[in-house]
Structure formats: C-alpha cells, structure tokens
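Numbering (this note's numbering), first residue to last: 875 to 981.
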C-alpha cells in the first residue's frame, strides 16, 4: 500500500483540522472549528468515515502544537484513539521542541 494523505482544507484554502473553534486562535484567527460537528457529527457519519480511513496501519505526523493538543485531548477523554495510540518516533528539524509521529498498529 502506498502513502495516503488526509488533509482538512476549507474551500477557501484554510488548512486546519475540523476541530474546536478555539483550537488555534493565534494572531486573532477566529474561524477555527469550521467543520466542527461535535465528536462524530449529528448522525455519526464523520466519526465513522474518519475511523475507517484511520485503520490499524494508519500513522499521524504532527507538528509540536498539534501533537500537544491531540495528546492532551485524548488523554483527557480516553477512547479508541488514546487506547490505540502509542508514540513511535520523535524527530526534530531545529533541535528545539520535537515534532512527533504518533502511530497506531504497524503504521
């Protein structure tokens, strides 16, 4: 299997996860959470589609801020992402705080 990339991009080119409105408010950005449908959307379709796309061999590559946000959230609420996620590799491009790769399964 090749590499599959999943990006969250709005129609006007904003590349940000479809998370909370307060997810990234740096520099006065007030449009976060542009696809926020709660945990799984009104009918569970978003959560089901994301769960299917992110199966057992899926890995994530995050920058430091996103990694800290994701880990903080899932450590607080628990569930399948926390239970199935283990840090697999840390790397750094500048030698400061690391970028992190958080993988599940064989990722």
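Note that beta-carbon positions come from the ideal geometry of N, C-alpha and C, so glycine has one too.
### Message
So, for residue 906: in the same chain, excluding its five sequence neighbours on each side, which residues have a beta-carbon less than 8 Å away from its beta-carbon?
### Response
Here the set comprises 890, 893, 894, 895, 896, 897, 898, 899.
Run through DSSP, which three-state label would residue 888 get? In the structure shown, residue 888 sits in coil (DSSP, three-state: anything other than H, G, I, E or B).
### Message
Taking its Cβ as the centre, do 16 or more other Cβ atoms sit within 10 Å of residue 944, making it buried, or is it exposed?
### Response
Buried.
May I ask you to report which of helix, strand or coil DSSP gives residue 944? The three-state secondary structure of residue 944, taken from DSSP, is helix.
I need the boundaries of the beta strand (DSSP E) containing residue 935, first residue and last residue.
Per DSSP, residue 935 belongs to the beta strand (DSSP E) from 933-936.
If we ignore side chains and look at the alpha-carbon of each, how far apart do residue 948 and residue 941 end up?
In a straight line, the C-alpha of residue 948 is about 11 Å away from that of residue 941.
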